[in-house]
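Take a look at the structure below.
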Amino acid sequence: MFAWSGQLTPLQQKASEELLSSVEQNQSHLVHAVCGAGKTELLFPAIFASLQAGKRVCVAAPRTDVILELFPRFQKVFPNTTIHALYGGAPDQQGFAELVLATTHQLYRFEQAFDVLFVDEADAFPYYADETLQQAVSKAAKQHAAIHYVTATPTKLLKTTNQSILTRRYHGQDLPVPRFDSLWGYARQLKKGKIPSKLQKWINEKIETKTPFLIFLPTIKMLENFPGELPRVHAEHPDRKELVMLLREKKIPGLLTTTILERGVTIENVHVAVVGAEQPIFTSSALIQISGRVGRSAQYPDGDIVFFHHGISIEMDKAQDAIEGWNRS
Numbered sequence: 002m003f004a005w006s007g008q009l010t011p012l013q014q015k016a017s018e019e020l021l022s023s024v025e026q027n028q029s030h031l032v033h034a035v036c037g038a039g040k041t042e043l044l045f046p047a048i049f050a051s052l053q054a055g056k057r058v059c060v061a062a063p064r065t066d067v068i069l070e071l072f073p074r075f076q077k078v079f080p081n082t083t084i085h086a087l088y089g090g091a092p093d094q095q096g097f098a099e100l101v102l103a104t105t106h107q108l109y110r111f112e113q114a115f116d117v118l119f120v121d122e123a124d125a126f127p128y129y130a131d132e133t134l135q136q137a138v139s140k141a142a143k144q145h146a147a148i149h150y151v152t153a154t155p156t157k158l159l160k161t162t163n164q165s166i167l168t169r170r171y172h173g174q175d176l177p178v179p180r181f182d183s184l185w186g187y188a189r190q191l192k193k194g195k196i197p198s199k200l201q202k203w204i205n206e207k208i209e210t211k212t213p214f215l216i217f218l219p220t221i222k223m224l225e226n227f228p229g230e231l232p233r234v235h236a237e238h239p240d241r242k243e244l245v246m247l248l249r250e251k252k253i254p255g256l257l258t259t260t261i262l263e264r265g266v267t268i269e270n271v272h273v274a275v276v277g278a279e280q281p282i283f284t285s286s287a288l289i290q291i292s293g294r295v296g297r298s299a300q301y302p303d304g305d306i307v308f309f310h311h312g313i314s315i316e317m318d319k320a321q322d323a324i325e326g327w328n329r330s
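One point on numbering: in the working numbering, the residue at position 68 of the sequence shown is 69, and numbering is uninterrupted.
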């Protein structure tokens with residue numbers, strides 16, 4: 002049973018049909034879609050057709066957060082399909098799953114198990130940097146099964162002959178363009194237990210207007226030592242899922258985070274600040290993904306995305322240029 006009543010935009014429809022054609026012909030396909038283009042929805046027809054044909058399907062992603070976000074959505078769309086969500090610490094799940102959602106690490110457990118395999122966010126750390134993970138994905142697919150990729154920021158690794166490109170979000174509005182704002186000596190001030198006044202003003206404005214916000218920080222140490230009582234999350238945080246839910250439900254004003262929330266997280270009307278955007282951890286790909294958290298809903302298609310910096314980096318410029326380029330296309 003296929004229980005999705007949504008409507009694809011003409012651009013989504015075209016990409017979805019192209020992907021379906023590749024899946025049916027068992028040819029690898031890359032969907033290059035800007036953040037918030039609705040790329041998950043355009044997978045549905047190809048997945049449904051594969052399940053109808055008796056094929057076993059896997060949707061893999063490098064980050065647990067992506068799997069946690071996808072699982073309830075897939076359960077609604079495929080209510081009669083046995084679906085397992087596999088990630089570190091996942092509960093035991095019974096039966097044989099026709100559809101598996103898994104972090105790429107979990108694919109070490111499989112060998113020639115899937116007829117159709119999609120890798121979402123294939124450019125994300127650690128997948129793109131770990132050859133053994135890439136091999137695990139290949140090993141999990143049946144011998145001649147094609148692997149399909151979906152991402153907003155493809156790397157040179159993702160070489161396929163078939164491609165679909167979506168440069169517009171599903172609601173048709175421009176992508177919010179990051180603005181640059183200097184925050185000289187922020188590391189020194191934070192180390193002394195003082196939030197720089199410009200950043201404090203930004204936080205206060207969001208709290209006063211009841212606008213949910215995310216503040217991305219370059220290191221766990223800076224995150225943990227950040228002054229004040231704002232909740233904070235990182236890769237090893239046990240309550241990460243619950244804190245994101247509290248922000249989504251507006252039960253907390255905002256969250257401090259590392260790059261762990263750069264992708265796979267949708268929060269309506271969220272505004273975003275990156276502190277130390279010039280630091281090496283914030284590659285252009287990471288900054289594009291972080292910017293992509295803003296303006297995702299049709300009701301709130303814009304919002305503030307600010308790169309606070311101690312000197313503008315080439316990666317910051319590349320991210321801004323790419324987003325402006327998509328808006329022009």
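By construction, the Cβ of each residue, glycine as well, lies at the ideal position given by its N, Cα and C atoms. As the structure is a computational prediction, the values presented were derived from the model and not from experiment.
- Cβ-Cβ separation between N270 and S298: approximately 7 Å, consistent with a contact (criterion under 8 Å).
- With 16 or more other CB atoms across the displayed protein chains lying within 10 angstroms of its CB, P219 is buried.
- Note on geometry: alpha-carbon atoms of A146 and V276 lie some 43 Å from one another.
- Annotated as proximal: G304 and V273, with beta-carbon spacing under 9 Å.
- Annotated as distal: P179 and Y187, with beta-carbon spacing of 9 Å or more.
- Within the model, the alpha-carbon separation for V151 versus S292 is close to 18 Å.
- For the pair R64 and R264, the CB atoms are nearer than the 9 Å cut-off.
- Less than 9 Å divides the Cβ of T10 from the Cβ of G173.
- In the DSSP assignment, Q136 falls within the unbroken alpha helix (DSSP H) covering 132 to 141.
- F119: member of the beta strand (DSSP E) spanning 117 to 121, first to last residue.
- N163 and L200 have their C-alpha atoms some 44 Å from each other.
- Residues E279 of the same chain have their beta carbon placed closer than 6 Å to that of S314, with the five preceding and five following residues left out of the count.
- Restricting attention to L288, G296, Q300, the CA atom closest to the CA of K319 is found in L288.
- In the DSSP secondary-structure assignment, L31 is bridged to Y150, Q164.
- In this structure, the CA atom of A61 is about 11 Å from the CA atom of A137.
- Under the DSSP assignment, I84 falls in the beta strand (DSSP E) whose first and last residues are 84 to 87.
- Residue ranges of uninterrupted alpha helix (DSSP H) with 4 or more members, entirely inside the segment 199 to 250 and ordered along the chain, are 221 to 225, 241 to 249.
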